[in-house]
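Student: As given, the protein sequences belong to chains A and B, one line each in that order.
When you read off a place in the first sequence, starting at 1, and then add 1, the result is the number in my numbering.
Note that my numbering numbers the second sequence so that position 117 is 116, with each residue one more than the last.
Built from N, CA and C at the ideal position, the CB exists for glycine as well.
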Amino acid sequence: MSSKKLIIIKLLTAVLIITALVISARSFLAHRNYKETVVAGPSVTEVKTLGDYFEPIKNTVADCNIYILDSGKPGAIFFVIGGTHPEEPAANLSAEILAENATLEKGKLIVAIRANRSASTVTRPGDAYPQFYTIKTDWGEKKYRMGDRWTNPLDSWPDPEVYVHYPSKQMLAYMDIRNFNRTWPGKKDGSFTEQVNYAFMQIIKQEKVDLFIDFHEAELEYPVISTIVAHESGRNIAAMASMMLTDMEFEKPISMEFSPKSLHGLSHREVGDYSDAISLLFETPEPFLDRVRGITDEHLLLEGKDPFVQRAGEFGLLYETIDEDGWPIEVRVGRHCSTALMVAQIWNQMNPGKEIKIKNVPKYAEIIKNGVGHYFKNPANMDSDRIYYE
Amino acid sequence: MFKKILLLTVVTIFTLSFITSAALPVFEQPAVVTTCGQSPGALMVKMICQQAGVECEQKDLLTAADLEGSNYKTLIVTMGTSGKGMGAAGTNMNQEAERINALIKTAKENGLKVLGAHIEGMSRRVDENDAKSIEIVMPQSDALIIKESSNEDGFFTEKSEELDIPAIYFDKNMEMGEAVKELFDVQ
């Protein structure tokens, strides 16, 4: 081949690569900078940000909103977070339902919708994750960033050879230094994600949180699914909640698990160990996360239907059942909302005189009937001072 | 009079409908409940017993030595395992098997009756640890209390008949209290 032809081929290749880079960079930037609208509900008295509790976080990509729903009457203080793992949409959608709808009649509810905000600014292109998903509402479609399990490497890089958890010194997988649910209780001068956890611990301590709830979803191939994982301080509440919900609300049971004392970095362990708050973690099934899944798209994410996962179930390879109805987002969000409400109800029975009264949050059956989007308000109809961006 | 007889007949049929043919022994208080596999079943049994007015202590890591000189009259052992629970307790299935076998042996030597319980549904019947837990507890039990959803495939019905162990079944968790009252003859 002549040198002239070689130069032309090289130039064409360079142009193709640069074009691909520009297109993908624009796409990544649009995703990273996309803002989700949240309408602060009637009981939201204040919206702080994470940086208000730990200055170094202020105005960084991690500086998520903290919604304070205060009844003005003394009672219990609950703190609910979604978005620990932004590839688990039922978690942030459930938290958003609370922030937009809950009416507090007693006590205080604190909500973070995008707890690890950085992890919501990156997806997993190698796993064919969609960049966005949309939820149908009564007034149109609402668009959300799809995220990843780990903090965006743009914000935390490089990973160590081995991640040594602080303060237990337990050795964990290298990438879990960016896993918001392996870095509790956090470290003041630690890695990016450790600092985010540290900031959340400051909220728990400064606000004197009584009970902390961390919303999650899990693949059906994973044994910890459809359950409440409880720190020992929350065992009775979790056991009673699982029995009541299984009897009274859910078609498929919800169980409970004890938080292992020797497994470090998880909220159900470290929040309970390093604060006075009872710590609970809720799991719903998300077939999108299963490794045996088929086409990985928004449909699977929201409908939770997949013939390959279903087939795996027929071979007894799953820890949760799945049929042709799948695990739609309404069922998953409904389970989270009802479980949170049931935990509050049982807390109230066990702590007379220090109750939390949460009204106007839809339960499981209502969310299945009306859809998730029914509970999101139209920002166009709201005063601008009630609108916040995630 | 006719109404009373009819009512009595209905109640009798209803009661018998969830008890197998073998006669149920009456269990005495106080009871102690433990778990073969560290699932939260023992905690749930304790909470239900409290509501039913049955004196019951929960000891997830109860050992044979704990029974020596105690005043327990009934040992309740829940079947079904939890990996997280065993991790939390720092044990494993082999150690659990050893502990429960020794515990039941000592319980019987000390005149305690043994009640096997599977109350957490099919989610505690998914792997070989769950199967092993059932295999250890079930044949050594004087009676069984089983949640209907744990028996979806009829396993407990079939196996209890084969082993001639009386079993009482309940559907909803909140109905378990009635079953417990019946087992302990609490009015």
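Specify the secondary structure class of arginine 333 (chain A) as computed by DSSP and reduced to three states.
Tutor: Counted from its first residue, the first sequence places residue 333 (chain A) at position 332. DSSP places arginine 333 (chain A) in helix when its eight states are reduced to three.
Student: Please confirm whether alanine 87 (chain B) has its beta-carbon closer than 8 Å to some beta-carbon of chain A.
Tutor: Translated into positions along the second sequence, residue 87 (chain B) becomes position 88. Judged by the 8 Å Cβ criterion, alanine 87 (chain B) is in contact with chain A.
Student: Going along chain B in order, which residues have a C-beta closer than 8 Å to the C-beta of alanine 240 (chain A)?
Tutor: As a working note, residue 240 (chain A) is residue 239 in the first sequence. Simply Pro39, Leu42, Met43 and Met46.
Student: Whose CA, out of A:Glu287, A:Ser385 and A:Leu246, lies closest to the CA of alanine 366 (chain A)?
Tutor: Residue 366 (chain A) sits at position 365 when you count from the first residue of the first sequence. If we check each option's Cα against that of alanine 366 (chain A), A:Leu246 comes out closest.
Student: Compile a chain-ordered list of the residues in the segment 215–240 of chain A whose CB is closer than 9 Å to at least one CB of chain B.
Tutor: Flagged, chain order: Pro224, Val225, Ile226, Ser227, Thr228, Val230, Ala231, Glu233, Arg236, Asn237, Ala239 and Ala240.
Student: According to DSSP, simplified to helix, strand and coil, what is glutamine 57 (chain B)?
Tutor: Position 58 of the second sequence, counted from the first residue, corresponds to residue 57 (chain B). Three-state DSSP puts glutamine 57 (chain B) in a strand.
Student: With 8 Å set as the bound, which would you pick, yes or no: does the beta-carbon of glutamate 119 (chain B) sit closer than that to a beta-carbon of chain A?
Tutor: Position 120 of the second sequence, counting from 1, holds the residue named residue 119 (chain B). Glutamate 119 (chain B) counts as touching chain A.
Student: What are the complete beta strand (DSSP E) segments, minimum 3 residues, inside the segment 292–366 of chain A?
Tutor: As far as the segment 292–366 of chain A is concerned, its whole beta strand (DSSP E) runs of at least 3 residues are 358–360.
Student: What runs of the beta strand (DSSP E), each 3 residues or longer, lie entirely inside the segment 35–105 of chain B?
Tutor: Whole beta strand (DSSP E) segments, 3+ residues: 55–57 and 73–78.
Student: Cβ of leucine 17 (chain A) less than 8 Å from any chain B Cβ?
Tutor: Here residue 17 (chain A) refers to the residue found at position 16 when the first sequence is read from its first residue. No - not a single Cβ of chain B is within 8 Å of the one on leucine 17 (chain A).
Student: So, do the segment 253–265 of chain A and the segment 291–311 of chain A have three or more beta carbon pairs nearer to each other than 8 Å?
Tutor: Taking 8 Å as the limit for Cβ pairs, the verdict is that the segment 291–311 of chain A does not touch the segment 253–265 of chain A.
Student: Buried or exposed for arginine 146 (chain A), going by 16 or more other Cβ atoms inside 10 Å?
Tutor: Within the first sequence, residue 146 (chain A) is the residue found at index 145, counting from 1. That one is buried.
Student: If we count Cβ pairs, one from each stretch, closer than 8 Å, do we get three or more for the segment 58–65 of chain A versus the segment 301–313 of chain A?
Tutor: The segment 58–65 of chain A is not in contact with the segment 301–313 of chain A.
Student: Out of B:Asn93, B:Cys55 and B:Ala64, point me to the one whose CA is closest to glycine 36 (chain B)'s CA.
Tutor: As a position in the second sequence, residue 36 (chain B) is number 37, starting the count at 1. Among B:Asn93, B:Cys55 and B:Ala64, the Cα nearest to that of glycine 36 (chain B) is on B:Asn93.
Student: Taking only three categories from DSSP, how would you classify threonine 184 (chain A)?
Tutor: Sequence index remark: in the first sequence, residue 184 (chain A) carries index 183 (1-based). Correct three-state label for threonine 184 (chain A): coil.
Student: To the nearest angstrom, how far is it from the Cα of alanine 26 (chain A) to the Cα of histidine 32 (chain A)?
Tutor: Here residue 26 (chain A) corresponds to residue number 25 of the first sequence, with the count starting at 1. Here residue 32 (chain A) corresponds to residue number 31 of the first sequence, with the count starting at 1. Cα to Cα, the separation comes out at about 10 Å.
Student: Which word fits asparagine 93 (chain A), buried or exposed, when buried means at least 16 other C-beta atoms lie within 10 angstroms of its C-beta?
Tutor: In the first sequence, residue 93 (chain A) corresponds to position 92, counting from 1. Flag for asparagine 93 (chain A) reads buried.
Student: State the Cα-Cα distance for the pair alanine 166 (chain B) and valine 136 (chain B), rounded to the nearest angstrom.
Tutor: To locate residue 166 (chain B), count along the second sequence from 1; it is residue 167. To locate residue 136 (chain B), count along the second sequence from 1; it is residue 137. The straight-line gap from Cα to Cα measures roughly 13 Å.
Student: Determine the contact status of alanine 142 (chain B) and isoleucine 164 (chain B), defining contact as a CB-CB distance below 8 Å.
Tutor: As a working mapping, residue 142 (chain B) is identified with position 143 in the second sequence. As a working mapping, residue 164 (chain B) is identified with position 165 in the second sequence. A contact, by the Cβ cut-off of 8 Å.
Student: My assumption, with CB atoms under 8 Å, is that isoleucine 229 (chain A) sits in contact with alanine 242 (chain A). Please give the rounded CB distance.
Tutor: Taking the first residue of the first sequence as 1, we reach residue 229 (chain A) at position 228. Taking the first residue of the first sequence as 1, we reach residue 242 (chain A) at position 241. Confirmed, Cβ separation roughly 6 Å.
Student: If I follow the unbroken alpha helix (DSSP H) through leucine 13 (chain A), where does it start and stop?
Tutor: Here the question's residue 13 (chain A) lines up with position 12 in the first sequence. Here the alpha helix (DSSP H) through leucine 13 (chain A) covers 4–34.
Student: Going by other Cβ atoms of all chains shown within 10 Å of its Cβ, with 16 needed for buried, is leucine 342 (chain A) buried or exposed?
Tutor: As a working note, residue 342 (chain A) is residue 341 in the first sequence. Classification of leucine 342 (chain A): buried, given that the 10 Å Cβ count is 16 or more.
Student: How would you write the range of the alpha helix (DSSP H) that glutamate 56 (chain A) sits in, first residue to last?
Tutor: Here the question's residue 56 (chain A) lines up with position 55 in the first sequence. No alpha helix (DSSP H) holds glutamate 56 (chain A); DSSP gives it neither H nor E.
Student: For glutamate 391 (chain A) and glutamate 250 (chain A), what's the separation of their Cα atoms in angstroms?
Tutor: As a position in the first sequence, residue 391 (chain A) is number 390, starting the count at 1. As a position in the first sequence, residue 250 (chain A) is number 249, starting the count at 1. One C-alpha to the other measures close to 31 Å.
Student: When you compare the CB positions of isoleucine 330 (chain A) and leucine 303 (chain A), do they come within less than 8 Å of one another, or not?
Tutor: Here residue 330 (chain A) is taken as the residue at index 329 of the first sequence, counted from 1. Here residue 303 (chain A) is taken as the residue at index 302 of the first sequence, counted from 1. Their beta carbons are under 8 Å apart, which means isoleucine 330 (chain A) touches leucine 303 (chain A) by this criterion.
Student: Taking Cβ to Cβ, would you say alanine 287 (chain A) is nearer than 8 Å to tryptophan 328 (chain A)?
Tutor: On the first sequence, residue 287 (chain A) is found 286 positions in, with the first residue counted as 1. On the first sequence, residue 328 (chain A) is found 327 positions in, with the first residue counted as 1. Alanine is not the amino acid found at residue 287 (chain A); the sequence shown has glutamate there. Result yes, Cβ atoms of glutamate 287 (chain A) and tryptophan 328 (chain A) sit closer than 8 Å.
Student: Under a Cβ-count criterion, where at least 16 other Cβ atoms within 10 Å of its own Cβ denotes burial, should glutamate 142 (chain A) be classed as buried or exposed?
Tutor: Mapped onto the first sequence, residue 142 (chain A) falls at position 141. Exposed, because fewer than 16 other Cβ atoms sit within 10 Å of the Cβ of glutamate 142 (chain A).
Student: Could you tell me the alpha carbon to alpha carbon distance between glycine 68 (chain B) and glutamate 56 (chain A), rounded to whole angstroms?
Tutor: Position 69 of the second sequence holds residue 68 (chain B). Position 55 of the first sequence holds residue 56 (chain A). So the alpha carbons of these two residues sit roughly 59 Å apart.
Student: Taking the alpha-carbon positions, what's the arginine 118 (chain A) to isoleucine 82 (chain A) distance?
Tutor: As a working note, residue 118 (chain A) is residue 117 in the first sequence. As a working note, residue 82 (chain A) is residue 81 in the first sequence. The alpha-carbon atoms of arginine 118 (chain A) and isoleucine 82 (chain A) are separated by roughly 12 Å.
Student: Exposed or buried, glycine 176 (chain B), counting other C-beta atoms within 10 Å across all chains shown (16 or more means buried)?
Tutor: Taking the second sequence and counting its residues from 1, one reaches residue 176 (chain B) at position 177. With 16 or more other Cβ atoms within 10 Å, it is buried.
Student: Would you check if there are 3 or more beta carbon pairs closer than 8 Å linking the segment 357–376 of chain A to the segment 46–53 of chain A?
Tutor: Segments in contact, no.
Student: Could you check what DSSP says for methionine 147 (chain A) in three-state terms: helix, strand or coil?
Tutor: Within the first sequence, residue 147 (chain A) is the residue found at index 146, counting from 1. Of the three classes helix, strand and coil, the one that applies to methionine 147 (chain A) here is coil, per DSSP.
Student: Find out if the Cβ-Cβ distance for the pair asparagine 180 (chain A), glycine 187 (chain A) is shorter than 8 Å.
Tutor: Along the first sequence, read from residue 1 onward, the residue named residue 180 (chain A) stands at position 179. Along the first sequence, read from residue 1 onward, the residue named residue 187 (chain A) stands at position 186. Their beta carbons are not under 8 Å apart, which means asparagine 180 (chain A) does not touch glycine 187 (chain A) by this criterion.
Student: Could you give the DSSP three-state label for isoleucine 167 (chain B): helix, strand or coil?
Tutor: In the second sequence, counting from the first residue as 1, residue 167 (chain B) sits at position 168. If DSSP states are grouped into helix, strand and coil, isoleucine 167 (chain B) belongs with the strands.
Student: Under 8 Å between C-beta atoms, does serine 122 (chain B) make it to chain A?
Tutor: In the second sequence, residue 122 (chain B) corresponds to position 123, counting from 1. So, interface residue.
Student: Could you please tell me which residues of the segment 328–353 of chain A, in chain order, have their CB closer than 8 Å to any CB of chain B?
Tutor: Those residues of the segment 328–353 of chain A that come within reach of chain B (Cβ to Cβ, closer than 8 Å) do not exist; the list is empty.
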